[in-house]
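Taken in sequence, the protein lines are chains D and V.
Each residue of the first sequence is one higher than the one before, counting from 179 in this note's numbering.
Each residue of the second sequence is one higher than the one before, counting from 179 in this note's numbering.
Number of protein chains: 2
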Amino acid sequence: MKNTQPIGFIDSGVGGLTVIKEALKQLPNENMIYLGDTARCPYGPRPAKQVIDYTWEMTRFLLTKDIKMLVIACNTATAVALDEIRQQLSIPVVGVILPGTRAAVKASKNQRIGIIGTVGTINSGSYEKAIYSRVRQADIYSLACPKFVPLVESNQAQSPIAKKVVAETLKPLQNKKIDTLVLGCTHYPLLRPIIQNVMGKDVELIDSGAETISEVSMLLDYFQLANLEATNPGTLACYTTGSTKMFNEIANDWLPTQTVQSIQIQLGE
Amino acid sequence: MKNTQPIGFIDSGVGGLTVIKEALKQLPNENMIYLGDTARCPYGPRPAKQVIDYTWEMTRFLLTKDIKMLVIACNTATAVALDEIRQQLSIPVVGVILPGTRAAVKASKNQRIGIIGTVGTINSGSYEKAIYSRVRQADIYSLACPKFVPLVESNQAQSPIAKKVVAETLKPLQNKKIDTLVLGCTHYPLLRPIIQNVMGKDVELIDSGAETISEVSMLLDYFQLANLEATNPGTLACYTTGSTKMFNEIANDWLPTQTVQSIQIQLGE
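Encoded structure:
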């Protein structure tokens with residue numbers, strides 16, 4: 179294993195770019211490869227078995243690119259596929275749910291915590307289980323937000339329609355006195371200003387991206403895989419199963435310094 | 179491996195209790211075993227080969243107690259023995275130098291970083307190497323402080339003599355315009371108020387304990403070893419090769435809630 183080998187990131191679409199953004203900041207030396215399965219996005223409403231199959235297809239593609247570590251930058255895929263993939267791969271595999279959980283438990287003072295995510299993530303109960311095992315007396319309010327991912331994937335995250343959809347969707351959480359809300363889907367940070375506005379400024383929003391990359395950084399050290407000898411900044415290569423035009427628009431709008439030119443690939447044939 | 183098995187902590191003496199203090203806060207469910215080799219403290223002036231041998235003796239003792247993870251809560255031992263012990267043990271092994279490095283790099287704004295430690299730690303160059311590989315243009319000022327550990331081990335950390343010794347020792351660092359000072363020895367947080375006073379309030383002191391325990395917490399999750407099913411707070415058992423009376427005095431003064439009754443053992447016979 180060479181330390182110059184890239185770290186692989188997979189997501190159902192563009193959501194994992196919120197994790198990439200944090201990686202560019204915390205791990206500027208690392209080479210990275212991103213794959214978004216935009217053509218089959220969203221994963222949220224799909225049966226667990228299918229999400230596991232799709233996640234394996236993405237994983238196998240990145241393994242052909244000689245990745246040294248895999249980040250499942252998708253909550254839905256983490257919820258159902260992380261354990262299995264970690265067991266079968268010889269490289270370290272990181273998910274986004276436990277980092278988000280640790281950050282939420284740390285942030286909450288009143289132990290009233292909200293979780294929003296896809297139908298798949300919420301139904302898996304992964305966050306509830308992880309939070310309860312750490313804070314037995316927590317009050318947890320979970321809410322599936324199936325309309326959010328399509329908004330982001332169609333590059334409408336800043337549109338008036340997004341404001342309306344977010345406000346309507348989050349209504350059930352507004353009288354719950356939560357002080358912390360987990361953005362339990364990597365797409366949701368792209369809606370962050372609107373979500374913050376709806377929930378009010380006293381609710382702390384947890385974007386598991388930053389915490390996930392702290393875990394990646396620690397594991398790179400632990401397994402002696404960090405690309406410390408680099409003299410140039412790392413590279414970022416992006417692949418999508420969908421429209422490269424839409425992907426590039428969202429990526430270049432969201433990421434600070436990169437000029438993303440994604441490459442289209444096909445999975446599952 | 180059972181998740182109820184204890185985490186083992188080793189140090190040349192009482193210094194690693196500063197890491198235990200953080201563990202009691204961040205990991206209240208975990209069972210812990212601490213071993214301080216007080217009879218042979220300080221390790222700092224000893225040859226590397228001897229420190230490695232002593233560290234193995236401590237490690238072997240804790241392995242008989244069925245630990246699920248080992249924390250080398252001693253910078254001198256981490257500097258010379260971590261790689262070897264990690265390679266040979268099947269349980270995760272964590273040191274204190276990389277966590278301290280990550281925290282220092284994060285904290286420093288002017289990239290002028292001081293490091294204080296034992297003669298062994300400073301001579302190993304471990305911190306310099308780890309910091310330079312992350313921040314190539316850093317200005318690093320290292321200083322061995324051989325008088326600090328004996329002050330702490332003799333329970334004189336709050337005495338007037340400690341103030342005098344610390345002020346004299348740290349003089350070479352005072353005109354270096356550092357904004358961050360790594361307490362590169364787990365004993366030094368016991369001298370923290372005096373060190374802070376000498377260096378001035380604008381210098382951020384890095385105690386690697388907190389960052390080390392964040393790494394432990396992440397690795398417990400990663401390797402699925404966390405004691406999450408516990409319904410009672412974890413236990414802490416302490417062993418020392420030296421005087422239990424002195425050990426208990428320092429431990430009970432330093433730790434917030436525990437009543438430490440250490441047990442004396444012999445190593446190296």
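Ideal placement from N, C-alpha and C gives every residue a C-beta, glycine not left out.
C-alpha gap between residue i and residue j, whole angstroms
i	j	result
residue 406(D)	residue 306(V)	13 Å
residue 193(D)	residue 227(D)	21 Å
residue 196(D)	residue 332(D)	16 Å
residue 317(V)	residue 360(V)	13 Å
residue 312(D)	residue 422(V)	34 Å
residue 241(V)	residue 286(V)	38 Å
residue 328(V)	residue 220(V)	7 Å
residue 377(D)	residue 354(D)	11 Å
residue 183(D)	residue 396(D)	17 Å
residue 426(D)	residue 181(D)	28 Å
residue 266(V)	residue 340(D)	55 Å
residue 274(V)	residue 256(V)	7 Å
residue 323(V)	residue 389(D)	35 Å
residue 297(V)	residue 191(V)	16 Å
residue 430(D)	residue 420(D)	16 Å
residue 300(V)	residue 384(V)	16 Å
residue 356(D)	residue 400(V)	28 Å
residue 450(V)	residue 366(V)	No statement about residue 450(V) is possible, as the shown extent of chain V runs from 179 to 447 and does not include it.
residue 230(V)	residue 185(D)	34 Å
residue 284(D)	residue 446(V)	42 Å
residue 392(D)	residue 270(D)	14 Å
residue 418(D)	residue 314(D)	41 Å
Nearest candidate by alpha-carbon position, reference residue i, set the options
i	options	result
residue 438(V)	360(V), 212(V), 205(V)	212(V)
residue 272(V)	350(V), 381(V), 261(V), 302(V)	261(V)
residue 294(V)	398(V), 180(V), 347(V), 191(V)	347(V)
residue 251(V)	401(V), 231(V), 431(V), 394(V)	394(V)
residue 214(V)	296(V), 263(V), 188(V)	188(V)
residue 207(V)	431(V), 297(V), 403(V)	403(V)
residue 279(D)	270(D), 288(D), 308(D)	308(D)
residue 330(D)	343(D), 399(D), 243(D)	343(D)
residue 362(V)	292(V), 335(V), 433(V)	292(V)
residue 370(D)	432(D), 392(D), 315(D)	432(D)
residue 268(D)	277(D), 237(D), 284(D), 365(D)	237(D)
residue 277(D)	253(D), 258(D), 264(D)	253(D)
residue 290(V)	408(V), 417(V), 391(V), 382(V)	382(V)
residue 281(V)	435(D), 284(D), 204(D)	204(D)
residue 434(D)	186(D), 185(D), 202(D)	202(D)
residue 232(V)	244(V), 218(V), 243(V)	218(V)
residue 321(D)	336(D), 352(D), 258(D), 424(D)	352(D)
residue 336(D)	398(D), 263(D), 428(D)	428(D)
Neighbour-count burial assignment, residue i, 16 or more Cβ in a 10 Å radius
i	result
residue 224(V)	buried
residue 199(D)	buried
residue 375(V)	exposed
residue 372(V)	buried
residue 386(V)	buried
residue 246(V)	buried
residue 455(D)	Past the boundaries of the shown model lies residue 455(D); chain D is included only from 179 to 447, so the question cannot be answered.
residue 303(V)	exposed
residue 338(V)	exposed
residue 179(D)	exposed
residue 443(V)	exposed
residue 441(V)	exposed
residue 288(V)	exposed
residue 350(V)	exposed
residue 222(D)	buried
residue 413(V)	exposed
residue 411(D)	exposed
residue 364(V)	buried
residue 358(D)	buried
residue 409(V)	exposed
- Short-range partners of chain V found in the segment 385 to 399 of chain D, where Cβ spacing is below 9 Å: 392, 393, 395, 396, 397, 399
- Task: Could you list the residues in the segment 404 to 425 of chain D with a C-beta less than 9 Å from some C-beta on chain V, going in chain order?
- Result: 404, 406, 407, 409
- Message: I'd like the ranges of any beta strand (DSSP E) spanning at least 3 consecutive residues and lying wholly in the segment 360 to 395 of chain V.
- Response: 382 to 385
- Message: At 4 residues or longer, what runs of the alpha helix (DSSP H) sit wholly inside the segment 288 to 374 of chain D?
- Response: 297 to 302, 304 to 312, 326 to 331, 338 to 348
- Of the residues that make up the segment 311 to 344 of chain V, which ones have a beta carbon closer than 9 Å to any beta carbon in chain D? 311, 312, 314
- Item | Ranges of the beta strand (DSSP E) found wholly within the segment 183 to 222 of chain D, counting only runs of at least 3 | 185 to 189, 210 to 214
- At a Cβ cut of 8 Å, what residues of the segment 194 to 205 of chain V count as close to chain D, listed as they run along the chain? none
- Item | Near-chain V residues of the segment 248 to 261 of chain D (beta-carbon distance less than 9 Å), N- to C-terminal order | 261
- Interface residues of the segment 345 to 371 of chain D facing chain V [CB-CB below 7 Å]: none
- Item | Inside the segment 398 to 425 of chain D only - beta strand (DSSP E) runs reaching at least 3 residues | 414 to 418
- Query: Using Cβ-Cβ distances below 7 Å, what residues of the segment 260 to 276 of chain D are close to chain V?
  - Reply: 276
- Message: Which complete beta strand (DSSP E) runs does the segment 224 to 297 of chain V hold, if anything under 3 residues is left out?
- Response: 247 to 250, 290 to 295
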